[in-house]
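K.L.:
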Amino acid sequence: MKAAILEKYASEGRELVVKDVPVPEVGDNEVLVNIKAAGVNPLDNMIVRGEVKLIVPYKFPLVMGNEFAGVVEKAGGKVTEFKKGDRVYARMPLDKIGAFAEYASVKADALAKIPDNLSFEEAASVPLTALTAWQAYELMNVQKGGKLFISGGTGSVGAMAIPIAKSLGLNVITNGSGDNEERVRALGADQFIDYRKENYADIISGVDYILDTLGDKELENEFKILKDGGSLVSLRGLPNGEFAKRMRMPLYKRAAFMIAGKKYDKLAAKRGQRYHFIFVHEDGEGLKKISEIFSDKKVQTSVDEIFSLDDINKAMKKVASGRSKGKTIIKI
Ligand SMILES: NC(=O)c1ccc[n+]([C@@H]2O[C@H](COP(=O)([O-])OP(=O)(O)OC[C@H]3O[C@@H](n4cnc5c(N)ncnc54)[C@H](OP(=O)(O)O)[C@@H]3O)[C@@H](O)[C@H]2O)c1
Numbered sequence: 041m042k043a044a045i046l047e048k049y050a051s052e053g054r055e056l057v058v059k060d061v062p063v064p065e066v067g068d069n070e071v072l073v074n075i076k077a078a079g080v081n082p083l084d085n086m087i088v089r090g091e092v093k094l095i096v097p098y099k100f101p102l103v104m105g106n107e108f109a110g111v112v113e114k115a116g117g118k119v120t121e122f123k124k125g126d127r128v129y130a131r132m133p134l135d136k137i138g139a140f141a142e143y144a145s146v147k148a149d150a151l152a153k154i155p156d157n158l159s160f161e162e163a164a165s166v167p168l169t170a171l172t173a174w175q176a177y178e179l180m181n182v183q184k185g186g187k188l189f190i191s192g193g194t195g196s197v198g199a200m201a202i203p204i205a206k207s208l209g210l211n212v213i214t215n216g217s218g219d220n221e222e223r224v225r226a227l228g229a230d231q232f233i234d235y236r237k238e239n240y241a242d243i244i245s246g247v248d249y250i251l252d253t254l255g256d257k258e259l260e261n262e263f264k265i266l267k268d269g270g271s272l273v274s275l276r277g278l279p280n281g282e283f284a285k286r287m288r289m290p291l292y293k294r295a296a297f298m299i300a301g302k303k304y305d306k307l308a309a310k311r312g313q314r315y316h317f318i319f320v321h322e323d324g325e326g327l328k329k330i331s332e333i334f335s336d337k338k339v340q341t342s343v344d345e346i347f348s349l350d351d352i353n354k355a356m357k358k359v360a361s362g363r364s365k366g367k368t369i370i371k372i
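Right, here's the structure in full:
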């Protein structure tokens with residue numbers, strides 16, 4: 041089968057190599073999926089640069105790609121929930137990625153069935169970012185009627201985080217590039233701030249929850265607009281000790297991350313706020329709930345541009361350049 045391979049980390053970035061590799065074996069609890077479309081994320085470029093190796097160390101050669109939509113080709117001996125021909129999608133398991141390929145073998149509990157109203161390309165834009173939002177909202181224990189600020193909500197995270205937040209009954213404020221205002225409002229944002237014209241920190245205050253996609257450069261400002269006792273989940277700030285514990289990391293990593301994230305833990309503690317970092321993980325159960333939201337509410341997905349597997353490096357460059365209007369997709 042054809043797959044896009046990373047041969048080693050490179051801090052300045054590296055081109056993936058598209059070549060023929062064997063179709064993966066299927067374990068008893070796994071499902072072999074014929075992949076039809078895969079989503080490209082900033083995470084893929086971070087993996088290439090070795091930026092997440094402390095969280096998930098990979099071995100090489102590595103078939104890249106973190107999320108997909110496809111059709112079940114074969115179910116392992118102990119799998120009862122999925123059968124040949126089912127349309128499925130998933131965020132690939134952290135320890136076994138490989139969505140930029142014609143086939144992937146995926147543990148069944150990472151999968152969910154694709155809602156009928158989504159094409160493969162639309163479905164491939166959902167799992168990673170939708171689960172990111174879902175896991176963040178679970179961690180913050182968001183309550184209906186609460187006020188949520190999503191920084192940089194014009195990107196692919198926002199495309200899922202906004203409609204999911206609306207389905208949970210939250211009041212959503214976001215900022216991002218102004219040319220995306222209309223699209224983001226159509227997703228359900230109640231208030232939009234163009235970050236090139238206005239500073240959100242001058243306009244809003246007292247928010248209950250923050251989903252931060254911008255990290256270090258914005259975290260201090262974000263804590264200012266968060267109410268006393270409010271919760272913030274960062275996707276891009278520094279991991280802290282609580283994150284390492286939640287991920288059941290060994291003690292030496294817990295100690296390292298405790299030191300790394302101390303700055304934000306201290307900042308949060310001043311006003312009884314909570315700082316969390318997450319690294320989105322596979323979660324078939326969460327994805328099933330997301331499928332329900334997509335089926336019931338007819339939520340729109342945001343697909344930006346579609347590339348072929350042979351053009352994977354162009355797609356990776358596009359994602360690296362920012363200027364996102366939703367998800368970049370590889371059609372396989
Ligand atoms: N930890 C995790 O599990 C996890 C999961 C998913 C994503 N992430 C991270 O979350 C970040 C966002 O991901 P994404 O897929 O949404 O990225 P994306 O599609 O590239 O979108 C980023 C958006 O942020 C906007 N932006 C840039 N600077 C801004 C600023 N100063 N103020 C407001 N908006 C700004 C961009 O607008 P312009 O077009 O004007 O640049 C763009 O629309 C990435 O760093 C990614 O690695 C982490």
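Using this note's numbering, the first residue of the sequence shown is number 41, and each one after it goes up by one.
For every residue, glycine included, the Cβ atom is placed at its ideal position computed from N, Cα and C.
For clarity, every value in this text was computed on a predicted model and none was experimentally measured.
(1) Report yes if the C-beta of proline 82 is less than 7 Å from at least one heavy atom of ligand 1; otherwise report no.
(2) Return the first residue and the last residue of the alpha helix (DSSP H) that isoleucine 333 is part of.
(3) Could you check which residue in Pro133, Ala164, Lys147 and Pro155 has the C-alpha nearest to that of phenylalanine 347?
(4) Less than 7 Å between C-beta atoms, sequence neighbours within five positions excluded: which residues of the same chain meet that for leucine 349?
(5) According to DSSP, is glutamate 162 helix, strand or coil?
(6) Could you tell me the distance, in whole angstroms, from the CA atom of leucine 151 to the CA atom of asparagine 81?
(7) Confirm the yes/no value for this check: CB of leucine 275, any heavy atom of ligand 1, distance under 7 Å.
(8) Which residue from Asp84, Leu56 and Lys48 puts its Cα closest to that of phenylalanine 100?
(9) Helix, strand or coil: which one does DSSP assign to isoleucine 154?
(10) Is glycine 284 near phenylalanine 297, with beta carbons less than 8 Å apart?
(11) With distances taken Cα to Cα, identify the nearest neighbour of lysine 337 among Gly362, Gly228 and Val320.
(12) What does the Cβ neighbour count give for methionine 206, buried or exposed, with the cut at 16 atoms within 10 Å?
(13) Just the Cα atoms here: how many angstroms apart are asparagine 280 and arginine 314?
(14) Provide the residue span of the beta strand (DSSP E) that contains isoleucine 244, from first to last.
(15) Can you give, in chain order, each stretch of the beta strand (DSSP E) that sits fully within the stretch 185-234 and has at least 3 residues?
(16) Which same chain residues end up closer than 6 Å to valine 96 when comparing Cβ atoms and leaving out the 5 residues on each side of it in sequence?
(17) Given that a residue counts as buried once 16 or more other Cβ atoms are within 10 Å of its Cβ, and exposed if not, what is glutamine 175?
(18) By Cβ distance below 7 Å, which residues in the same chain neighbour proline 155 in space, the five residues on each side in sequence not counted?
(19) What's the gap between the Cα of tyrosine 249 and the Cα of serine 274?
(20) Give every residue of the same chain whose Cβ lies closer than 6 Å to the Cβ of glycine 117, excluding the five residues on either side of it in the sequence, and list them in chain order.
(21) Measuring alpha carbon to alpha carbon, tell me which residue in Arg294, Ile265, Arg311 and Gly79 is nearest alanine 170.
P.N.:
In short:
(1) yes
(2) 324-337
(3) Ala164
(4) In chain order, Lys42, Ala44, Val58, Phe140, Ile370 and Ile372 place their CB closer than 7 Å to the CB of leucine 349, counting only its own chain and leaving out the 5 sequence neighbours on each side.
(5) helix
(6) 19 Å
(7) A distance criterion of 7 Å places the beta-carbon of leucine 275 in contact range of ligand 1, judged by its closest non-hydrogen atom.
(8) Lys48
(9) coil
(10) Residue 284 is actually alanine in this sequence, not glycine. Alanine 284 places its beta carbon less than 8 Å from that of phenylalanine 297.
(11) Comparing Cα positions, the closest option is Gly228.
(12) As written in the sequence, residue 206 is lysine, which differs from the methionine given in the question. Lysine 206 comes out buried.
(13) 11 Å
(14) Per DSSP, isoleucine 244 belongs to no beta strand (DSSP E) and is neither H nor E.
(15) 187-190, 211-216 and 231-234
(16) Spatial neighbours of valine 96 in its own chain (CB-CB distance under 6 Å, excluding positions within 5 residues in sequence) are listed in chain order as Leu134.
(17) buried
(18) Ser331, Phe334 and Ser335
(19) 11 Å
(20) Asp68
(21) Gly79
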